[in-house]
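Sequential numbering from 1 applies to the sequence shown in this note's numbering.
Ideal placement from N, C-alpha and C gives every residue a C-beta, glycine not left out.
On a predicted model such as this, the values are computed, not experimentally measured, just so you know.
These notes concern the structure reproduced below.
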Amino acid sequence: MGMLSSLYQQWKIEIKHFSSILHLEYYIEIVSFSLGVYAGLYAAQNYEVAKVDEPGVIIDKMKKYIDEIMKPKP
1 MGMLSSLYQQ WKIEIKHFSS ILHLEYYIEI VSFSLGVYAG LYAAQNYEVA KVDEPGVIID
61 KMKKYIDEIM KPKP
């Protein structure tokens, strides 16, 4: 019974450690996203950043580019 108890305690410690690692990953994602938003806002306020096209326009440009690439060469 003593060996099973020690294995159970070890398992509980490993699960607790794994859980804390998962929480750390969420914090890293939140901090990374926040820094990206801050950098984008800073750049938009302090530099002349070109406007981004509408998603439909970008998709059309991508389709035309792919069609040009996929054309058979003479």
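Compute the distance between the beta-carbons of A43 and V52, then report whether it is under 8 Å. Not closer than 8 Å, so no.
Does DSSP classify K73 as helix, strand or coil? If DSSP states are grouped into helix, strand and coil, K73 belongs with coil.
Out of curiosity, what's the CA-to-CA distance linking H23 and I59? Rounded to the nearest angstrom, the gap between the Cα atoms of H23 and I59 is 36 Å.
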